[in-house]
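The numbering of the sequence shown is this note's numbering, which starts it at 37 and goes up by one.
Even for Gly, the Cβ is constructed at its ideal location relative to N, Cα and C.
Data block below; observations after.
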Amino acid sequence: MPKDRIILLSDCQSFYASVEKAAHPEYKDRAVAVGDPTRMNGIVLAACPIAKANGVTTASRVGEAMTKCQGLVVIRPRMGTYIKVSLLISEIYHSYTDLVEAFSIDEQFLDVTGSLSLFGGDLQEMIYSIQQHVLLSTGVCTRVGIGPTKILAKMANNFAKKKEGGIFRLDYDNLDKELWPLPVYEMFMVAGRMTKNFYRMGISTIGDIARMELGEFKRRMRTTMGKQSDIQAEYYWQTARGIDPSPVVTGIRHQIKSVGHGKALRWNLYTRLSEIEVVLLELVIEVCQRARRYGYMGSVVSIAVSETDGHKAQSYSRQITLQQPSYLTHEVAAAALKLFTENWTGLPISRLAISISQLSDDSVMQLTLFDDRIRAYNRERAIDQIKTRYGSRALIRASSLLESGVALERAEQIGGHYK
Numbered sequence: 037m038p039k040d041r042i043i044l045l046s047d048c049q050s051f052y053a054s055v056e057k058a059a060h061p062e063y064k065d066r067a068v069a070v071g072d073p074t075r076m077n078g079i080v081l082a083a084c085p086i087a088k089a090n091g092v093t094t095a096s097r098v099g100e101a102m103t104k105c106q107g108l109v110v111i112r113p114r115m116g117t118y119i120k121v122s123l124l125i126s127e128i129y130h131s132y133t134d135l136v137e138a139f140s141i142d143e144q145f146l147d148v149t150g151s152l153s154l155f156g157g158d159l160q161e162m163i164y165s166i167q168q169h170v171l172l173s174t175g176v177c178t179r180v181g182i183g184p185t186k187i188l189a190k191m192a193n194n195f196a197k198k199k200e201g202g203i204f205r206l207d208y209d210n211l212d213k214e215l216w217p218l219p220v221y222e223m224f225m226v227a228g229r230m231t232k233n234f235y236r237m238g239i240s241t242i243g244d245i246a247r248m249e250l251g252e253f254k255r256r257m258r259t260t261m262g263k264q265s266d267i268q269a270e271y272y273w274q275t276a277r278g279i280d281p282s283p284v285v286t287g288i289r290h291q292i293k294s295v296g297h298g299k300a301l302r303w304n305l306y307t308r309l310s311e312i313e314v315v316l317l318e319l320v321i322e323v324c325q326r327a328r329r330y331g332y333m334g335s336v337v338s339i340a341v342s343e344t345d346g347h348k349a350q351s352y353s354r355q356i357t358l359q360q361p362s363y364l365t366h367e368v369a370a371a372a373l374k375l376f377t378e379n380w381t382g383l384p385i386s387r388l389a390i391s392i393s394q395l396s397d398d399s400v401m402q403l404t405l406f407d408d409r410i411r412a413y414n415r416e417r418a419i420d421q422i423k424t425r426y427g428s429r430a431l432i433r434a435s436s437l438l439e440s441g442v443a444l445e446r447a448e449q450i451g452g453h454y455k
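Below, the structure written as structure tokens:
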């Protein structure tokens, strides 16, 4: 594995809130959060440093945040604007290196190994130039993690967030001093459930994994999590040691494995099957439209359901294999409805998601004796073209005009938030 790569993970500080503060200079010295000010029970998507210093956290309730931070300015999210700013920042990064890979809307990897010579080999000067370029162009501050691999650059970024100037470097020479003493839950991709598993194994720090022989770590993982855990064990062991040979790749990082859509619902409005069916069909329509755009059909239909009555809650997922790969709305909808009706306990629904997986290229379509699939395909393609040209509101099902429909609301959103 090459050790001389120089990879940066540049992260935008409080991205959504920073964009809004740049757009509203009158709020420069005010606490600002991004969320829906009309929904006190909605969540805060982002908070500026001033708001965070006053106890406002991401994913806290808007009403709770306003109580904690008197004078908090809550601004409705504008996802279209955030995407445009993210793309502008990406263009800035591309002016420093052609190897830029988006990790999220506010995080991007840059491989500057080959372009560092343009700055006389001075990495600090190069990073400072990038930070100033982004700040002056967008009003957004960035923090930069540096490492010889993507995983180390990502974990170095966590240190950079706490450093003045927002820059930190993790190398193989300082892993044992900087990274390994940290609690295991601070390792990348380790969440609450995995943390509990590690604690049961007697593992409390990242170094406990890194110093262990791989064979011994696999043995402990098998004892706690079963024989299927070998792949996970190798991943966590390599992460703790900063091993990651994957390159920084521009464009799409990997082949799509599934296509899905989900929607959080106001559970007290979705208590009857007739109401839930409307949302289920709308989600299937979106999934199939995206699948056709990508050129993939799915062999497996999956649903994920969250139920609650306000006191108790439960979630489950189920899947079914189709007789032939499909992205035709009526076929996927029939399978999804069958899955739902067979597994629904009758509790109100707070979230519903549909996906298709085990994808195959749509260049060949299986014909049947009892259904004109080509005609159905051409009809849905025509609908797709109309929606692409005139917007998703141009053609909708009559059922979406019912009170339980969410298609019109989703047409005004990106990623579940308003454009």
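Check                                                                                                : Outcome
Whole-angstrom distance between Tyr332 and Asp397, CA atom to CA atom                                : 5 Å
Residue ranges of each alpha helix (DSSP H) within the segment 122 to 197, 4 or longer               : 159 to 174, 186 to 196
Phe224 versus Thr241 - alpha carbon distance                                                         : 13 Å
Which of helix, strand or coil DSSP assigns to Pro219                                                : strand
Neighbourhood of Val337 by C-beta, 6 Å cutoff - its chain only, sequence neighbours within 5 removed : Ile356, Val368, Ala371, Ala372, Ile392
Closest by C-alpha distance to Lys507, when choosing among Leu317, Pro283, Arg308, Ser310            : There is simply no residue 507 to check, as the chain begins at 37 and stops at 455 in what is shown.
Member of Gln168, Glu343, His297 whose CA lies at the smallest distance from the CA of Ala327        : His297
Through-space distance from Ala59 to Ile432, alpha-carbon basis                                      : 35 Å
CB of Gly157 within 9 Å of CB of Cys177, strictly                                                    : no
Same chain, Cβ closer than 7 Å to Asp47, five either side skipped, listed in chain order             : Asp142, Glu143, Thr178, Arg179, Asn193
Proximal residues to Asp345 (C-beta, below 7 Å), its chain only, five neighbours per side dropped    : Leu383, Pro384
Per-residue burial, Ser184 [other beta carbons within 10 Å of its own, 16 or more giving buried]     : For the record, residue 184 in the displayed sequence is Pro; it is not Ser. Buried.
Secondary structure of Thr260, DSSP reduced to three states                                          : helix
Residue of Gly334, Lys348, Lys374 minimising C-alpha distance to Gln360                              : Gly334
Secondary structure of Val295, DSSP reduced to three states                                          : strand
Residue ranges of each beta strand (DSSP E) within the segment 278 to 350, 3 or longer               : 294 to 300, 332 to 344
Nearest-angstrom Cα separation, counted from Lys293 out to Gln394                                    : 7 Å
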